[in-house]
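Q: The structure that follows is given in the form of structure tokens.
Protein chains: 2
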Amino acid sequence: MENHRCGKSSFSFQEMPVIAGWASVAGKKESEGPLKQYYDVAEKDTYFGQKTWEQAERHMQELAIETLLKKTGKTKTDINLVFSGDLLNQCIGSSFTLRNAGLPHLGLYGACSTMAESLLLSAMAVGGGFAENAIALTSSHFASSERQYRFPLGYGGQRTPTAQWTVTGSGAALVCAAGKGPRIRSCTIGTVVDLGITDANNMGAAMAPAALETIRTHFSDTGTSADDYDLIITGDLGQIGKELLLSMAQKEGLNLGGKIADCGCLVFDRMKQDVHAGGSGCGCSAITLCGYLLNKISCGKLKRVLFCGTGALLSPTSSQQGLAIPGVCHAVSIIGG
Amino acid sequence: MENHRCGKSSFSFQEMPVIAGWASVAGKKESEGPLKQYYDVAEKDTYFGQKTWEQAERHMQELAIETLLKKTGKTKTDINLVFSGDLLNQCIGSSFTLRNAGLPHLGLYGACSTMAESLLLSAMAVGGGFAENAIALTSSHFASSERQYRFPLGYGGQRTPTAQWTVTGSGAALVCAAGKGPRIRSCTIGTVVDLGITDANNMGAAMAPAALETIRTHFSDTGTSADDYDLIITGDLGQIGKELLLSMAQKEGLNLGGKIADCGCLVFDRMKQDVHAGGSGCGCSAITLCGYLLNKISCGKLKRVLFCGTGALLSPTSSQQGLAIPGVCHAVSIIGG
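Top to bottom, those sequences are chains A and B. Using the numbering used here, the letters of the first sequence map in sequence onto residues 1 to 337. Using the numbering used here, the letters of the second sequence map in sequence onto residues 338 to 674.
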């Protein structure tokens, strides 16, 4: 059997790539949340000891790589390739993390879907024989995101009920050709879906149609159904987007078998932590995957997970010009090692 | 023989992916330049009939895809995957091009190296058996870039002698598993190199060290030298960056055999077109590759080309915070079909 395309947008592997290690770095609010026991690094200082929030984000990524290398007993020279991206304009979180690190780097932009996109591409590089290993990496920071996408924090703007709270955190996963650990069974690449949502404070609604489209395509391409998964977890739809996904699926008669969870709903306690609709940002699915999920898969509590990274592909410029918010979702099927 | 890694950062293919088609869309200034006879679409209206420059950029990408499909006799449903990115914040040129197009899409950020990055990843996807074909796509627009990175155009700022002129254009290439056309022999993934250049008006100097590093690595990884190429062409170092590359190579004793050319120097007539150090932007290497270079390779005038996309990974935020400009360069070795 060789690597092969399945259906329209999916592919599987001759030999399933292995997620040999993972690491998560979480900010203060995140490390007070429901998943606090799963993070490798928890930091109370929003600046992570740096001068600016953007540099804090860079430092989180550095910490994630460092922790990943320590946990897997590797050094930088063992690493073939890093796929990474973030939310900052021109992805400076990722570029500055990798500068002068001597690590071959391919930069991505998939908004909050970047953890899934980088994992999928790492699997492609390793599964295709182009690299022995690859790191999938991403981050987001509440403060750098707020001032870039919305208002300066000092402005103290009132947040709408549909707004989500950008996660301060970074996650890194090491994908290898062989070894022990959760394995990547198949991947589905998403299309960009835009149903006309223009409210930049309701990104869950903008991303939900893309999540539905990718889950449906994944089932059809790979001949699976909700029954084949213990958990189908979306990136960061939040409460509003998750409810919308469930209601759209029901309308279409797509059976999700009660298996849906969402990283944006798991990462914070919505009642106690005042995050309105839930968590968001590249870091949201990154720390949920590289903290909670891979640990649960590794210890056998979860056996078959469909990890669906969702992204809202807006920019302040496109919003100011009155355009709607396109969404995208990439899915990675992960099974116990 | 299987796909395989060579050396530190390179890989080659069991069966070389084929560049089965290419298309280029050029703006007014570009279509008055030295390569004017090679572009498929030349447009005099800077807005490309749209309301904003950002939407003009989206439209250029749409035209590039449309022209590529027409030239190759394909329809959208034949296409498995699109790798694309651009310079706009959150890559909205690419995301809005792909919205509701039904095409599986993976977004990239490699600054002006994006044409090489998207070509390299398309080759990986096709060469690894994960897609039958993939489109590599990118664009840039002078007006949308200037206002985002530097000053509003209406301000009429004086440009420095080292400044480069962002190309208005888009290029698309179709990479297939089989067929006729130039073939991709090997690829080298760059590392992020930062030697401390802080002048955002001298990007050639910021990118030259990355170009040197990648060319050296490519030679060493693949066991080739300048003798094995008819042309080694960098993305958009411009005149200053090109001279710097040549002088650094000489100092290090790296023989480039007089084979170096630069897309930023070819795309404009520096004397007649008032572009100072030359062209730049994702569109620069995109239209030079998908206009001039692939035509020359296709008709046998060039047989062995090392295409080295260069990118300056700065953002206005990183510059305003006093940080230097990291550079990256990815190389794709292309041979006659």
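All C-beta atoms, glycine included, are put in the ideal place defined by N, C-alpha and C.
1. Checking contacts by CB at 8 Å: is residue 4 of chain A closer than that to chain B?
2. Buried or exposed: which applies to residue 368 of chain B, given that a residue is buried once 16 or more other Cβ atoms fall within 10 Å of its Cβ?
3. List, in chain order, every chain C residue whose beta-carbon is nearer than 8 Å to that of residue 135 of chain A.
4. With a cut-off of 8 Å, does the C-beta of residue 141 of chain A fall near any C-beta of chain B?
5. Quick check on this structure: which residue in B:474, B:506, B:550, B:593 has the alpha carbon closest to the alpha carbon of residue 617 of chain B?
6. Would you call the CB atoms of residue 561 of chain B and residue 666 of chain B closer than 8 Å?
7. Using beta-carbon positions only, say whether residue 538 of chain B and residue 471 of chain B come within less than 8 Å of one another.
8. Within 8 Å (strictly less), CB to CB, does residue 225 of chain A reach chain B?
9. Alpha carbons only, please: which of A:41, A:14, A:53 is nearest the one belonging to residue 152 of chain A?
10. What residues are listed by DSSP as bridge partners for residue 641 of chain B?
11. Quick check: residue 480 of chain B and residue 648 of chain B, are their CB atoms within less than 8 Å of each other?
12. Identify, in the order they occur along the chain, each residue of the same chain with its Cβ nearer than 8 Å to the Cβ of residue 132 of chain A, setting aside the five sequence neighbours on each side.
13. Among A:41, A:209, A:229, which one has its Cα closest to the Cα of residue 251 of chain A?
14. Taking the Cβ atom as the reference point for each residue, do residue 398 of chain B and residue 476 of chain B lie within a distance shorter than 8 Å?
15. Answer with yes or no whether the minimum CB distance from residue 655 of chain B to chain A is below 8 Å.
16. Indicate the three-state DSSP secondary structure (helix, strand or coil) for residue 564 of chain B in the structure shown.
17. Output the boundary residues of the beta strand (DSSP E) element that contains residue 83 of chain A.
18. If I measure Cβ to Cβ from residue 101 of chain A and keep anything under 7 Å in the same chain, skipping five residues before and after, which residues do I get?
19. Report the residue from B:388, B:371, B:485 whose alpha carbon sits nearest the alpha carbon of residue 424 of chain B.
20. Mind checking if residue 475 of chain B is an interface residue toward chain A, Cβ cutoff 8 Å exclusive?
21. If the cut is a Cβ gap below 8 Å, which residues of chain B does residue 201 of chain A touch?
22. Starting from residue 444 of chain B, find everything on chain A with Cβ-Cβ shorter than 7 Å and list it in chain order.
23. Report yes or no: is there a C-beta of chain A within less than 8 Å of the C-beta of residue 461 of chain B?
24. Assess contact between the segment 494-501 of chain B and the segment 34-46 of chain A, defined as three or more Cβ pairs (one per stretch) separated by less than 8 Å. Is contact present?
25. Answer yes or no: do residue 441 of chain B and residue 190 of chain A have a C-beta to C-beta separation smaller than 8 Å?
26. Quick check: residue 630 of chain B and residue 569 of chain B, are their CB atoms within less than 8 Å of each other?
27. Who are the neighbours of residue 91 of chain A on chain B, taking C-beta pairs under 7 Å?
28. Closest by CA to residue 93 of chain A, which one among A:130, A:278, A:67, A:145?
A: Let me lay it out:
1. Counting from one through the first sequence, the residue named residue 4 of chain A turns up at place 4. Closer than 8 Å to some Cβ of chain B, the Cβ of residue 4 of chain A qualifies, so yes.
2. Sequence index remark: in the second sequence, residue 368 of chain B carries index 31 (1-based). Counting the other Cβ atoms within 10 Å of the Cβ of residue 368 of chain B gives 16 or more, which makes it buried.
3. No chain C is part of this structure, whose protein chains are labelled A and B.
4. For the purposes of this step, residue 141 of chain A is taken as residue 141 along the first sequence, with counting starting at 1. So, not an interface residue.
5. As a first step, residue 617 of chain B must be located in the second sequence, where it is residue number 280. The shortest Cα separation from residue 617 of chain B among B:474, B:506, B:550, B:593 belongs to B:506.
6. One-based indexing of the second sequence puts residue 561 of chain B at position 224. One-based indexing of the second sequence puts residue 666 of chain B at position 329. No, the Cβ-Cβ distance between residue 561 of chain B and residue 666 of chain B is not below 8 Å.
7. By one-based count along the second sequence, residue 538 of chain B stands at place 201. By one-based count along the second sequence, residue 471 of chain B stands at place 134. Taking 8 Å as the Cβ cut-off, residue 538 of chain B and residue 471 of chain B do not qualify as a contacting pair.
8. Reading the first sequence from its first residue, position 225 is the one you call residue 225 of chain A. At least 8 Å separates the CB of residue 225 of chain A from every CB of chain B.
9. As a first step, residue 152 of chain A must be located in the first sequence, where it is residue number 152. With respect to the C-alpha of residue 152 of chain A, the residue from A:41, A:14, A:53 having the closest C-alpha is A:53.
10. Translated into positions along the second sequence, residue 641 of chain B becomes position 304. Residue pairing for residue 641 of chain B: DSSP places it in a beta bridge opposite B:672.
11. As a first step, residue 480 of chain B must be located in the second sequence, where it is residue number 143. As a first step, residue 648 of chain B must be located in the second sequence, where it is residue number 311. Taking the C-beta atoms as reference points, residue 648 of chain B is found no nearer than 8 Å to residue 480 of chain B.
12. If you number the first sequence from 1, residue 132 of chain A lands on position 132. So the list reads 80, 126, 176, 177, once near-sequence residues are dropped.
13. Looking up residue 251 of chain A in the first sequence gives position 251. If you compare the alpha carbons of A:41, A:209, A:229 with that of residue 251 of chain A, the shortest gap goes to A:209.
14. Counting from 1 along the second sequence, the entry for residue 398 of chain B is found at position 61. Counting from 1 along the second sequence, the entry for residue 476 of chain B is found at position 139. Between residue 398 of chain B and residue 476 of chain B, the CB-CB gap stays under 8 Å.
15. On the second sequence, residue 655 of chain B is found 318 positions in, with the first residue counted as 1. For residue 655 of chain B, the answer is yes, since a Cβ of chain A falls inside 8 Å of its Cβ.
16. One-based indexing of the second sequence puts residue 564 of chain B at position 227. Reduced to three states, the DSSP call for residue 564 of chain B is helix.
17. Taking the first sequence and counting its residues from 1, one reaches residue 83 of chain A at position 83. Its beta strand (DSSP E) spans residues 82-86.
18. Counted from its first residue, the first sequence places residue 101 of chain A at position 101. These residues qualify, in order along the chain: 76.
19. Stepping through the second sequence from its first residue, residue 424 of chain B is reached at position 87. Residue 424 of chain B has its Cα closest to that of B:485, out of B:388, B:371, B:485.
20. The residue given as residue 475 of chain B occupies position 138 in the second sequence. Residue 475 of chain B does not count as touching chain A.
21. Taking the first sequence and counting its residues from 1, the one referred to as residue 201 of chain A is at position 201. The premise fails here: residue 201 of chain A is roughly 16 Å from chain B at the closest Cβ pair, so nothing lies under 8 Å.
22. Counting from 1 along the second sequence, the entry for residue 444 of chain B is found at position 107. Neighbours of residue 444 of chain B on chain A, chain order: 108, 109, 110.
23. Position 124 of the second sequence, counting from 1, holds the residue named residue 461 of chain B. Using a CB distance cut-off of 8 Å, residue 461 of chain B counts as an interface residue toward chain A.
24. Contact between the segment 494-501 of chain B and the segment 34-46 of chain A is absent, because fewer than three Cβ pairs lie under 8 Å.
25. Here residue 441 of chain B refers to the residue found at position 104 when the second sequence is read from its first residue. Here residue 190 of chain A refers to the residue found at position 190 when the first sequence is read from its first residue. Cβ distance < 8 Å, so residue 441 of chain B and residue 190 of chain A count as in contact.
26. By 1-based counting over the second sequence, the position of residue 630 of chain B is 293. By 1-based counting over the second sequence, the position of residue 569 of chain B is 232. Between residue 630 of chain B and residue 569 of chain B, the gap from beta carbon to beta carbon reaches 8 Å or more.
27. Along the first sequence, one-based indexing puts residue 91 of chain A at 91. Taking the beta carbon of residue 91 of chain A as reference, the chain B residues within 7 Å of it are 446, listed in sequence order.
28. Walking along the first sequence from the start, residue 93 of chain A turns up at place 93. It is A:145.
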